[in-house]
Every structure is written in structure tokens, then in C-alpha cells.
Amino acid sequence: MWSLAVFVFGFMLAFAAGLILSDQVSTDYARYYAPRAREILSGSRLLDDKGLVHARYPPGYPLMLAGIFALTDALGLTERLMVTFAAATGLALSAVILYRITARIFGWFPALLTAVAWSTYPFALWSAAGGQIEAFYLPFLFGAIYAALCAPESARWATMAGLLAGLAMLIRPSALGISVILSLWLMARGRYWRRAAALLTASGLVILPWLVYVYSINGALIPLSTGGTPSIIDGVTFAVRDQSVREAIMLPDGVMRLQTRILEGVRAQIDLPLGVIIAELSADPISAVQLVGIKAARAWYATDSRRFEMVSLLVQLGYLSISGWAAARILRGDAPAGARSLLALILLVTAYHWLTTIAVLSILRYMLPAMGLLFCLLPALIHSRNRARSAALSASVSPTASFR
């Protein structure tokens, strides 16, 4: 019952936000994902004019959009309405999964705090508009984490975690290392190396057909996407690139000069961009450290357009402070059994997303998975007041039980 209530609550808020923000359109959606989806419907097999596979991003999201577009045509509705509906569904499912993750430790009633926090989180609601990929990616990622949490109790959950992690990779290539993290966490829990191996194998089998398909046509083994290098370049030159769609930003003079040298070097040696980046960072270590520090901080509040970043920073400071307080209570032992293990997994996944975001364009949108997981810690703030009730209700939520 409560899972259904969480879904309805999350869906209504996300759908309303998507309609209100309907004028917002993701650049990647307009330039890449939507065109690829239409090509799939026309039978192009994701091939470009040269007969090569479009490998800038993996095919998961375009395939989902192709299904949405086909349904849109069949029902005679607008594309924007159907994409918003699907995005709201994804965010609502994410809320349910986060609720279930939290309920395993804190019980169903305290877990509602997590569901409400995520469903009302403004930056999650923002992702309901414009075809942003996060709303479609998060259910698979959170589902993989939930299944991994259940894996010590059943080997089938380990396989499910791998399958969901593989699907997450086919939507966002930045998830490439998630199955490794989940497997390491599982092995650290005890003698679960076989289940960890099953998780890794399942995720590999999911992405294998795409790797084989791209290799058979393009003649190159591409790890999910060719977008890694361009994204890294964008991440270390973000302040000096074309500002037509982004507001200007001023960084320390040394960092600005470093970014300018990197951009000029990459343009001069387009075939060896990573070598240029490494050489320039090594030649000016002080500015390089400053740049990494700036990117590490901006990952938690920055926007792609760079608008409203001060507002975003203030909002994020509030959420992160509360989440940090909850984590501190768990570390002090003021939480149910299993809370520290959950905290360890959340910190691992958060660190992974933080590092991958620092490596590319450091914006908050890429940290949404981490923020959602940090909300799973919030019930620790009320655990001491509801200790007896929480402990009693924790046992009522099992991985094999039907959703409440």
C-alpha cells in the first residue's frame, strides 16, 4: 500500500513539474537521443550516412524513446506530453525503490521520509522536463542497488542486480563501473564471491550484444560510448569554450590560462587530446590542483547553463548538511542494524559518481543518483525517537514480500 502511495505522490509532483517546465529541452535530447529514436522507428539500425553505428552514446535511451514515440503516434498525443509522462513514471519508480532501500533498514514508516525528500527534491523534479536522461536512468541504477542489498539472502537477487546494472550502462555509459562497485561491496559482506561473479557476469551479458554489434560494423571495440574523450575535454575547458548557451564564469587567472592552453592544444593536436590535457596539467600543477578542486565543488551545485548557481548552492548546502548529519548519527551507532553497511554502499556509489563527474563536466545533474541515495540516510535523524517502533517494523519489509 505504501509503495503505491509513494508512486502516486511522486508521479503527480514530477508530472506537474514536467508540464510547468515544458519549455526546457535537454540539448542532448534534441541533438542526439530524439533523432536516433526516430531513425530506429524508420528502420535505420542506428547507422549514420557512412554506414557506421552511431556510438556517441549507447542505445538504451534512444530505444526507450522509440517506444514512446511509437505510442505517441498510435494515441495521437504530443511527443512532449508522452516524454514527460514517461519521465514522471521513472522518477516515481525511483522514489519507490529508494523507499524500499530505506525500509529494509529503518522500517516502512521512517522510510517515508526518504520518499518525500526525493519526490520533492527540486533538482530531481527539474529532470522531469525536456527529455533529460536521468529520469529514465535512475530506476535501473537504484533497482540494481536494491537488488544488491538483497543479494546476500538469495543468489537470484545478485543476478538481478547485474541485469539492472547492465541496463543502466546501456542508458548512461558513466554507469560502467557500477557492477564492479556492487560486486566489491558484496564480497566485503562475507563469502559472496560467487554471487559477486554472477552479478558481474549478468551485467556483462547485457552489454555484450551492443559491443559486438558496434565492433562488427565499425571495426572497433568501443566501451559503450565514444563520448568519453569529448566529455573530458569539455570538463577541463568549460570556462573558455563557446559561451553562447552558457553564462560566463570567472575562475582564478592561473586556471583560466590553463584551460585556454588546453583548448588551444587540443585544437592543434586533435588526434591526441588526452595527451595534451595530461601534459598541460603536469606542466602547471598548482593550477591543475585548483581546477580539480573547483570541479569537485561545482559537481554538487553547478548547472549546465550556469544560471541560478548561487541559489542551487544554498539549496544543496541544506540538503548535504542534513544528509551529513544523518551519516554521522549512523557512524555513532544511533541507527538500526545494517545501517552502517548501507552507508558504506551509498558512500561507495557516491564517490564513484563524484569522481566520474569531476572527470567530465562537473554539474549537479550528474550527481542526482548520489543525492537520491543520500536521502536513504535521513531516517537516522528520527531513529532515536522512534527506536522501538522502527526496529519492530524493519522486519516487516523483506526483499521477497510484496510491496506495501
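Residues in the sequence shown are numbered from 0 upward in steps of one, following numbering that gives the first Met the number 0. In this text, a Cβ means the ideal position worked out from N, Cα and C, and glycines have one as well. None of these values were measured; they are calculated from a predicted model.
To the nearest angstrom, how far is it from the Cα of Trp324 to the Cα of Val310? One-based indexing of the sequence shown puts residue 324 at position 325. One-based indexing of the sequence shown puts residue 310 at position 311. Trp324 and Val310: Cα-Cα distance of roughly 22 Å.
Under DSSP, the alpha helix (DSSP H) around Ala157 begins and ends at which residues? Here residue 157 refers to the residue found at position 158 of the sequence shown. Ala157 -> alpha helix (DSSP H) spans 154-170.
Assuming Ala298 contacts Met366 under a Cβ cut-off of 8 Å, what Cβ separation, rounded to an integer in Å, is found between them? Translated into the one-based positions of the sequence shown, residue 298 becomes position 299. Translated into the one-based positions of the sequence shown, residue 366 becomes position 367. Contact between Ala298 and Met366 holds: their C-beta atoms lie close to 6 Å from each other, under 8 Å.
Go through its chain and collect everything with a Cβ distance to Gly59's Cβ below 6 Å, but skip five positions before and after it. If you number the sequence shown from 1, residue 59 lands on position 60. Result list for Gly59: Leu169, Ile170, in chain order.
What distance in whole Å lies between the Cβ atoms of Ala174 and Ala160, which are believed to be in contact at a cut-off of 8 Å? Position 161 of the sequence shown, counting from 1, holds the residue named residue 160. Position 175 of the sequence shown, counting from 1, holds the residue named residue 174. About 12 Å separates the two Cβ atoms, so there is no contact after all.
In three-state DSSP terms, what is Phe402? The residue labelled residue 402 in the question sits at position 403 within the sequence shown. Note that Phe402 has pLDDT 41, beneath the 50 cutoff, so the model's placement of it is unreliable and the number below is only indicative. Three-state result, Phe402: coil.
Whole angstroms are fine: how far does the CA of Pro335 sit from the CA of Leu51? Translated into the one-based positions of the sequence shown, residue 51 becomes position 52. Translated into the one-based positions of the sequence shown, residue 335 becomes position 336. Whole-angstrom Cα-Cα distance: 53 Å.
Enumerate in chain order the residues of its own chain whose CB-to-CB distance from Thr302 is below 7 Å, with the five nearest sequence positions on each side excluded. Numbered from 1 along the sequence shown, position 303 holds the residue referred to as residue 302. Cβ neighbours of Thr302 beyond the five flanking positions: Glu308, Ser311, Ile362, Leu363.
Can you tell me which of Ser182, Val275, Asp252 puts its alpha carbon nearest to the alpha carbon of Ile261? Counting from one through the sequence shown, the residue named residue 261 turns up at place 262. Checked all of Ser182, Val275, Asp252; the closest Cα to Ile261 is Val275.
How should Pro121 be labelled, buried or exposed, when 16 other C-beta atoms within 10 angstroms of its C-beta is the threshold for buried? As a position in the sequence shown, residue 121 is number 122, starting the count at 1. With fewer than 16 other Cβ atoms within 10 Å, it is exposed.
Residues in its own chain within less than 7 Å of Met63 by CB, not counting five upstream and five downstream? Here residue 63 corresponds to residue number 64 of the sequence shown, with the count starting at 1. Phe135.
Where the alpha helix (DSSP H) containing Cys375 begins and where it ends: Translated into positions along the sequence shown, residue 375 becomes position 376. Element bounds for Cys375: n/a, residue is neither H nor E.
Would you kindly work out how many angstroms separate the C-alpha atoms of Ala167 and Leu372, rounded to a whole number? Here residue 167 refers to the residue found at position 168 when the sequence shown is read from its first residue. Here residue 372 refers to the residue found at position 373 when the sequence shown is read from its first residue. Their Cα atoms are separated by approximately 16 Å.
May I ask you to list the residues that DSSP assigns as paired with Val310? As a first step, residue 310 must be located in the sequence shown, where it is residue number 311. Partner residues in a beta bridge of Val310, as assigned by DSSP, do not exist.
Tyr32: which of Ala369, Leu342, Ile67 sits nearest, CA to CA? Looking up residue 32 in the sequence shown gives position 33. Closest option to Tyr32, Cα to Cα, is Ile67.
What span of residues does the alpha helix (DSSP H) with Arg35 cover, start to end? Within the sequence shown, residue 35 is the residue found at index 36, counting from 1. Element bounds for Arg35: 33-40.
Below 8 Å on the Cβ atoms is my guess for Trp184 versus Ala343; work out the distance and round it to an integer in Å. As a first step, residue 184 is located in the sequence shown; it is residue number 185 there, counting from the start. As a first step, residue 343 is located in the sequence shown; it is residue number 344 there, counting from the start. Confirmed, about 7 Å.
Under the three-state DSSP convention, the category Val52 falls into: Here residue 52 refers to the residue found at position 53 of the sequence shown. Three-state DSSP puts Val52 in a strand.
So, with DSSP's three-state summary, where would you put Leu223? In the sequence shown, residue 223 corresponds to position 224, counting from 1. Residue state, collapsed to three classes: coil.
For Leu111, name the three-state secondary structure that DSSP assigns. Within the sequence shown, the letter at position 112 stands for residue 111. Helix at Leu111.
If we ignore side chains and look at the alpha-carbon of each, how far apart do Gly292 and Thr77 end up? Numbered from its first residue, the sequence shown carries residue 292 at position 293. Numbered from its first residue, the sequence shown carries residue 77 at position 78. Looking at the two C-alpha atoms, the distance is approximately 44 Å.
Could you give the first and the last residue of the continuous alpha helix (DSSP H) run that contains Trp209? The sequence position of residue 209 within the sequence shown is 210, counting from 1. Counted as a single uninterrupted DSSP element, the alpha helix (DSSP H) harbouring Trp209 occupies residues 192-217.
Under the rule that 16 or more other beta-carbon atoms within 10 Å means buried, what is Tyr214, buried or exposed? Locating residue 214 in the sequence shown gives position 215, counting from the first residue. Looking at its Cβ environment, which holds fewer than 16 other Cβ atoms inside 10 Å, Tyr214 is exposed.
Would you call the CB atoms of Leu250 and Ala267 closer than 8 Å? What you label residue 250 is simply residue 251 of the sequence shown in a count that begins at 1. What you label residue 267 is simply residue 268 of the sequence shown in a count that begins at 1. Between Leu250 and Ala267, the C-beta spacing is not below 8 Å.
Ends of the alpha helix (DSSP H) at Ser43? Mapped onto the sequence shown, residue 43 falls at position 44. Taken as a continuous stretch (DSSP letters only), Ser43 belongs to no alpha helix (DSSP H), as it is neither H nor E.
In whole angstroms, what separates the C-alpha of Tyr56 from that of Phe108? Numbered from 1 along the sequence shown, position 57 holds the residue referred to as residue 56. Numbered from 1 along the sequence shown, position 109 holds the residue referred to as residue 108. Between Tyr56 and Phe108, the C-alpha separation is close to 40 Å.
Would DSSP call Val370 helix, strand or coil? Locating residue 370 in the sequence shown gives position 371, counting from the first residue. Note that residue 370 is Met in the sequence shown, not Val. Correct three-state label for Met370: helix.
Where do the ends of the alpha helix (DSSP H) carrying Arg266 lie? Taking the first residue of the sequence shown as 1, we reach residue 266 at position 267. Where Arg266 is concerned, the enclosing alpha helix (DSSP H) stretches over 252-267.
Endpoints, alpha helix (DSSP H) assigned at Val291: Residue numbering aside, residue 291 sits at position 292 when the sequence shown is read from its first letter. Taken as a continuous stretch (DSSP letters only), the alpha helix (DSSP H) holding Val291 covers 284-297.
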